[in-house]
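A short write-up of the structure that comes next.
Protein chains: 2
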Amino acid sequence: MVYDESWYSGRSVLITGGLGFIGSSLAIRMVALGAKVTLLDAMLKECGGNWKNIEPIREQVRIFQDDMRNFQALSLVVKEQDAIFHLAGQVSHGNSMREPLTDLGLNCVSTMNLVEACRIHNPKARIVFTSTRQVYGVPQKLPVKENHPVLPIDVNGINKLAAEYYHLLYHRTYNLKSTVLRLTNTYGPRLQIQNDRQGFIGVFLKQCLSGREIDIFGDGMQVRDFNYVDDVVQALVLSLLHDQCFGHIFNLGSRDRYTLLHFAQTLATLTDVTYKLIPFPVDKKLIDIGNYYGDYSAFSDITGWQPQMDLHEGLAKTLAYFQAHRINYLTA
Amino acid sequence: MVYDESWYSGRSVLITGGLGFIGSSLAIRMVALGAKVTLLDAMLKECGGNWKNIEPIREQVRIFQDDMRNFQALSLVVKEQDAIFHLAGQVSHGNSMREPLTDLGLNCVSTMNLVEACRIHNPKARIVFTSTRQVYGVPQKLPVKENHPVLPIDVNGINKLAAEYYHLLYHRTYNLKSTVLRLTNTYGPRLQIQNDRQGFIGVFLKQCLSGREIDIFGDGMQVRDFNYVDDVVQALVLSLLHDQCFGHIFNLGSRDRYTLLHFAQTLATLTDVTYKLIPFPVDKKLIDIGNYYGDYSAFSDITGWQPQMDLHEGLAKTLAYFQAHRINYLTA
Chain R
0 MVYDESWYSG RSVLITGGLG FIGSSLAIRM VALGAKVTLL DAMLKECGGN
50 WKNIEPIREQ VRIFQDDMRN FQALSLVVKE QDAIFHLAGQ VSHGNSMREP
100 LTDLGLNCVS TMNLVEACRI HNPKARIVFT STRQVYGVPQ KLPVKENHPV
150 LPIDVNGINK LAAEYYHLLY HRTYNLKSTV LRLTNTYGPR LQIQNDRQGF
200 IGVFLKQCLS GREIDIFGDG MQVRDFNYVD DVVQALVLSL LHDQCFGHIF
250 NLGSRDRYTL LHFAQTLATL TDVTYKLIPF PVDKKLIDIG NYYGDYSAFS
300 DITGWQPQMD LHEGLAKTLA YFQAHRINYL TA
Chain X
0 MVYDESWYSG RSVLITGGLG FIGSSLAIRM VALGAKVTLL DAMLKECGGN
50 WKNIEPIREQ VRIFQDDMRN FQALSLVVKE QDAIFHLAGQ VSHGNSMREP
100 LTDLGLNCVS TMNLVEACRI HNPKARIVFT STRQVYGVPQ KLPVKENHPV
150 LPIDVNGINK LAAEYYHLLY HRTYNLKSTV LRLTNTYGPR LQIQNDRQGF
200 IGVFLKQCLS GREIDIFGDG MQVRDFNYVD DVVQALVLSL LHDQCFGHIF
250 NLGSRDRYTL LHFAQTLATL TDVTYKLIPF PVDKKLIDIG NYYGDYSAFS
300 DITGWQPQMD LHEGLAKTLA YFQAHRINYL TA
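Set out below in structure tokens:
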């Protein structure tokens with residue numbers, strides 16, 4: 000079956016990690032689509048949740064501040080949801096290496112709890128899980144397709160991969176309607192930029208917004224694909240409307256790819272800051288994957304999804320948002 | 000570097016799951032090689048630990064009854080060990096589906112704790128982890144090589160796979176001397192046969208020893224490779240003597256492969272019991288992988304390992320052991 004976006008109107012929708020960057024952006028979209036929206040977020044330190052993210056819809060959503068590692072609490076929340084967007088988790092590669100057991104809890108235990116809770120209490124819910132391109136490790140061939148071998152090079156990649164497998168297994172074994180999207184570098188309004196634990200985009204933005212130089216590790220020639228958050232939200236919206244997606248893994252990605260240097264130069268142009276190349280820190284080099292861009296044609300073929308936003312315009316919008324809401328994202 | 004077996008003489012050796020089937024068999028061998036042996040076992044219900052397994056060496060080993068999910072306890076035990084055989088874990092496919100979170104704790108958390116404890120307290124230890132052919136899921140091509148795609152079809156396979164990745168990651172990132180062996184069907188003296196949760200071999204043996212008919216699910220035409228426990232012990236011994244193994248995954252396997260029907264017929268012949276075919280239970284069919292046998296040439300090429308035991312002789316030895324020690328393995 001294929002549905003259109005009106006399917007969401009009047010439906011009960013749960014977003015885990017709903018106060019985070021992508022979760023809150025999705026929540027705003029879901030409210031616009033007429034869904035009855037519940038947000039679940041543990042608001043853990045450094046995981047990206049921010050009450051300011053949902054200011055525009057604060058009165059139109061129900062919020063549970065609960066930790067998904069608590070099975071009982073989660074069981075209550077998943078009941079009677081028509082759609083579940085599972086975005087909660089630890090996403091910092093560095094933190095996953097510093098605190099691997101915490102990462103294991105936030106990614107593996109939380110996800111196992113979710114699929115178990117759905118199996119027991121809500122087996123008909125439509126579920127999508129946001130995984131990461133990090134599961135591939137160092138690409139052997141570009142663009143990376145979904146059947147590329149997986150060899151994660153950090154704890155986060157391993158735990159996200161296990162979480163993917165739980166979703167696929169519960170689809171295969173118990174018919175859960177579960178889909179996995181592997182996200183690449185996502186940017187846009189509401190990105191967590193306060194701490195530097197969630198990737199270079201947040202770090203670059205913070206440096207720009209603070210009027211400092213942008214620090215690029217190495218020569219900045221690593222190629223990446225970048226998705227503006229609205230394009231990722233659209234992918235999430237579409238993923239649950241196509242029954243063909245269930246039980247499968249799909250890459251997101253972008254038509255144009257850029258070097259980190261180009262990305263930094265675009266930011267610099269938009270903000271009048273400068274940038275400089277600095278040596279790659281050893282701990283970061285160990286978990287760097289070199290060039291990456293993904294092939295998203297499998298997902299496009301089923302859902303028609305095409306990323307729309309041009310990098311220059313997307314970064315301009317992002318900067319405009321943060322300049323207008325600086326106080327909510329950059330505290331002293 | 001390559002060492003010979005005399006390397007173990009006088010060395011401190013830790014065996015996790017040391018009171019289990021393979022762990023205790025390895026412990027007996029290690030004592031014979033002159034190692035200073037420490038066994039760690041939580042003695043959890045249905046995980047295979049049995050005090051009777053180590054009767055021949057009870058006074059020659061040090062034993063800690065601790066749970067590897069407890070990081071502090073584990074940290075104390077790993078210190079100053081030269082070699083660590085990580086065999087502890089949940090191995091029942093069925094139990095992993097019934098209690099997925101327990102499986103996650105016993106396989107993922109325990110293993111994460113081990114590599115973390117080694118990184119912090121004993122980064123020079125030689126480590127081997129016993130994984131399972133179950134990580135491959137349903138074979139696409141036989142014999143299965145180590146680069147066969149992995150798609151576990153039960154929770155146990157997923158968690159063992161994550162545990163493998165932790166070992167490889169800690170090798171890559173922190174130079175831990177870690178090797179992964181993917182075991183196939185192992186049989187022999189000390190196999191857990193009291194409950195029917197650890198595979199068909201234990202079930203068949205229990206049926207034989209109780210003088211009951213052997214029940215074969217389906218037509219019994221699934222092909223498997225079988226390793227006698229002494230051959231697996233020898234593989235473990237060799238794995239730590241070859242530096243080339245560290246950071247890699249290796250299959251075990253056998254030269255000859257047999258159907259489950261042949262396996263049951265051999266047992267029946269040796270014990271004068273009969274067998275019958277019965278329909279495949281639905282829950283077991285869902286996690287059945289069809290035919291499987293592995294290519295173990297990569298491990299042989301490095302270590303010279305060759306499984307020695309013929310199935311008929313191996314089963315005869317196994318039955319003789321259980322007939323002599325029935326009271327320790329089959330309680331009412």
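Those sequence lines, one after another, are chains R and X. For the first sequence, position 46 matches number 45 in numbering that gives the first Met the number 0, and the numbering has no gaps at all. For the second sequence, position 184 matches number 183 in numbering that gives the first Met the number 0, and the numbering has no gaps at all. Ideal Cβ placement from N, Cα and C applies to all residues, glycine included.
Exposure label - residue i; buried when at least 16 CB within 10 Å
i, result
"Asp102/R", "buried"
"Arg211/X", "exposed"
"Gln322/R", "exposed"
"Ile277/X", "exposed"
"Thr302/R", "buried"
"Ala397/X", "Residue 397/X falls outside the range modelled here, since chain X spans only 0 to 331, and no answer is possible."
"Gly289/R", "exposed"
"Lys44/X", "exposed"
"Gln206/X", "buried"
"Pro188/R", "buried"
"Asn106/R", "buried"
"Val1/R", "exposed"
"Asp224/X", "buried"
"Ile213/R", "buried"
"Lys51/R", "exposed"
"Lys283/R", "exposed"
"Ile326/R", "exposed"
"Ser209/X", "exposed"
"Leu167/R", "buried"
"Thr273/R", "exposed"
DSSP-derived helix/strand/coil call for residue i
i, result
"Asn94/R", "helix"
"Lys159/X", "helix"
"Asn290/X", "coil"
"Arg57/X", "helix"
"Thr268/R", "helix"
"Ala336/R", "Past the boundaries of the shown model lies residue 336/R; chain R is included only from 0 to 331, so the question cannot be answered."
"Arg68/R", "coil"
"Ala82/X", "strand"
"Lys44/X", "coil"
"Asp255/R", "coil"
"Phe321/X", "helix"
"Asn49/R", "coil"
"Leu329/R", "coil"
"Lys275/R", "strand"
"Arg125/X", "strand"
"Phe245/R", "coil"
Beta-carbon contacts of residue i that lie in its chain and below 6 Å, excluding the five residues immediately before and after
i, result
"Gly136/X", "Leu150, Pro151, Ile152"
"Tyr295/R", "Asn250, Leu251, Gly252"
"Ala41/R", "Asp66"
"Leu388/X", "Nothing about residue 388/X can be reported from this structure: the residues present for chain X run from 0 to 331 only."
"Val143/R", "Tyr135, Gly293"
Other residues of its chain near residue i: CB distance less than 7 Å, five sequence neighbours each side excluded
i, result
"Leu32/R", "Glu4, Tyr7, Ser8"
"Thr185/R", "Ile21, Asn226, Val228, Val231"
"Glu145/R", "Ile248, Phe249, Asn250, Ala297"
"Ser109/X", "Met67, Arg68, Ala87, Gly88"
"Pro99/R", "Val154"
"Ser299/R", "Gln305"
"Ile157/R", "Pro151"
Sequence-distant residues of the same chain with beta carbon closer than 8 Å to residue i, five excluded per side
i, result
"Thr330/R", "Gln193"
"Pro280/X", "Phe216"
"Gln80/R", "Ser11, Val12, Leu13, Thr37, Asn121, Ala124"
"Gln139/R", "His147, Pro148"
Check your understanding: Can at least three beta-carbon pairs, one atom from the stretch 231-250 of chain R and one from the stretch 15-27 of chain R, be found at a separation below 8 Å?
Key -> yes
**Study point:** Inside the stretch 0-41 of chain X only - alpha helix (DSSP H) runs reaching at least 4 residues
**Key:** 20-31
Point to revise | contact_flag[the stretch 149-159 of chain R, the stretch 196-214 of chain R] where n(CB pairs < 8 Å) is 3 or more | key: no
**Study point:** Length at least 4, wholly inside the stretch 133-194 of chain R: the alpha helix (DSSP H) runs in chain order
**Key:** Listed in chain order, they are 154-173.
Review point. Is the stretch 264-277 of chain X close to the stretch 307-319 of chain X, with three or more CB pairs under 8 Å?
Key: yes
Review point. Do the stretch 175-195 of chain X and the stretch 126-142 of chain X meet, that is, are 3 or more Cβ pairs less than 8 Å apart?
Key: yes
Practice item. Ignoring anything shorter than 3 residues or poking outside the stretch 198-240 of chain X, list the beta strand (DSSP E) runs there in chain order. Key: List check, beta strand (DSSP E) in window: 213-216, 222-227.
Check your understanding: Are the stretch 238-245 of chain X and the stretch 27-47 of chain X touching by the rule of at least three beta carbon pairs closer than 8 Å?
Key -> no
Check your understanding: Taking a cut of 7 Å between CB atoms, which residues from the stretch 94-121 of chain R lie near chain B?
Key -> The question asks about chain B, but that chain is absent: this structure's protein chains are R and X.
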